[in-house]
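Trainee: Residue numbers for the sequence shown follow the numbering used here, beginning at 29 and rising by one. The C-beta atom is built at its ideal place from N, Cα and C for all residues, glycine as well. If you scroll down you'll find the structure; I have some questions about it.
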Amino acid sequence: LHTPSRTTIFRRLRTVGYRTSYSHAGRYYTLARIPQFDPRGLWHYRQIGFSLHGTLRATVIHLVETSPAGQTHEELQDLLHLRVYDTLRFLVHAHELRRKSFQDAYVYLSAKQKQASKQWTQRQQLAPPPARQELNPARVIDVLVDLLHHPQDEARVVSRRLRTLGQVVTPEQIEAIWAHYELKKTPRSRSGHWRR
29 LHTPSRTTIF RRLRTVGYRT SYSHAGRYYT LARIPQFDPR GLWHYRQIGF SLHGTLRATV
89 IHLVETSPAG QTHEELQDLL HLRVYDTLRF LVHAHELRRK SFQDAYVYLS AKQKQASKQW
149 TQRQQLAPPP ARQELNPARV IDVLVDLLHH PQDEARVVSR RLRTLGQVVT PEQIEAIWAH
209 YELKKTPRSR SGHWRR
């Protein structure tokens with residue numbers, strides 16, 4: 029540009045059109061005609077990221093708002109090639125995005141209630157069913173022994189009693205054990221026996 033003036037340089041850049049990187053604190057520039065943006069409006073040159081949406085904050089908002097199921101930090105990191113924890117925290121505190129705890133992460137959702145509800149519903153539908161957890165054989169024995177001593181107690185009572193002994197077994201797990209061994213209660217009687 030044959031000039032040392034920063035002001036003049038940017039005046040010339042504005043004339044031809046340029047973009048500022050969303051990564052590296054906006055330290056990099058490119059002519060507007062160079063980037064070939066992907067469908068999400070992102071383009072990367074080596075480790076430098078540019079966005080059709082401008083700044084990192086604006087880009088994160090766009091990616092979350094337009095996602096059918098919201099975005100997790102991990103998903104955004106894969107798209108943007110950088111961590112955006114601080115940006116997400118700022119946007120949530122500024123009420124420009126919402127977030128909800130989901131499984132072992134946060135899902136970031138639209139600030140618009142109606143859109144956020146749709147995204148949350150879609151996120152829940154996309155979630156895989158929880159993997160079945162195999163119960164420790166020792167806990168299975170604990171449940172069966174408890175059954176012998178307290179044949180009329182309900183699963184929640186058994187769970188509470190075992191917990192006092194330091195053995196954590198949920199009512200659902202107890203009922204699953206009963207079902208697995210085809211154990212079921214007889215109507216309350218004088219003998220109080222169980223049958224298969």
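Which residues in the same chain as Ser-18 place their Cβ atom closer than 8 Å to its Cβ, once the five residues preceding and following it in sequence are excluded?
Mentor: No answer is possible for residue 18: the residues shown for the chain start at 29 and end at 224.
Trainee: Below 8 Å CB to CB, which residues in the same chain sit around Thr-198 once its five sequence neighbours on both sides are set aside?
Mentor: These residues qualify, in order along the chain: Ser-187.
Trainee: Taking the straight line between their C-alpha atoms, what separation do you get for Asp-181 and Leu-175?
Mentor: One alpha carbon belongs to Asp-181, the other to Leu-175, and they sit about 8 Å apart.
Trainee: From what residue to what residue does the beta strand (DSSP E) around Arg-126 run?
Mentor: Residues 125-130.
Trainee: Rounded to whole angstroms, how far is the Cβ of Arg-151 from the Cβ of Phe-130, which I believe are closer than 8 Å?
Mentor: A Cβ-Cβ distance of about 6 Å is found for the pair Arg-151 and Phe-130, placing them in contact under the 8 Å criterion.
Trainee: Buried or exposed, going by whether 16 or more other CB atoms sit within 10 Å of the CB of Ile-169?
Mentor: exposed
Trainee: Taking the alpha-carbon of Arg-40 as reference, which of Tyr-57, Val-120, Tyr-50 has the nearest alpha-carbon?
Mentor: Tyr-57
Trainee: Give a yes or no on whether the C-beta atoms belonging to Thr-100 and Tyr-50 are separated by under 8 Å.
Mentor: no
Trainee: Do you know offhand how far Glu-200's Cα is from Gln-153's?
Mentor: 23 Å
Trainee: Assign Leu-119 to buried or exposed, taking buried as 16 or more other Cβ atoms, counted over all protein chains shown, within 10 Å of its Cβ.
Mentor: buried
Trainee: Counting along the chain, where does the beta strand (DSSP E) carrying Phe-65 start and finish?
Mentor: Per DSSP, Phe-65 is not a residue of any beta strand (DSSP E), being assigned neither H nor E.
Trainee: List the whole-angstrom C-beta distance separating Ala-59 from Tyr-46, where the pair is believed to meet the contact cut-off of C-beta under 8 Å.
Mentor: It should be pointed out that residue 59 corresponds to Leu in this sequence rather than to Ala. Indeed, because the Cβ distance is near 6 Å, the residues count as touching under 8 Å.
Trainee: So is the beta-carbon of Thr-35 under 7 Å away from any non-hydrogen atom of the ligand GTP?
Mentor: The ligand GTP is not among the ligands present in this structure, which contains no ligands whatsoever.
Trainee: Do you know how far the Cα of Thr-192 is from the Cα of Ala-207?
Mentor: 24 Å
Trainee: Can you tell me which of the three DSSP states Leu-59 falls into?
Mentor: strand
Trainee: Between His-178, Lys-142, Thr-149, Ile-202, which lies nearest to Pro-165 when the distance is taken from Cα to Cα?
Mentor: Ile-202
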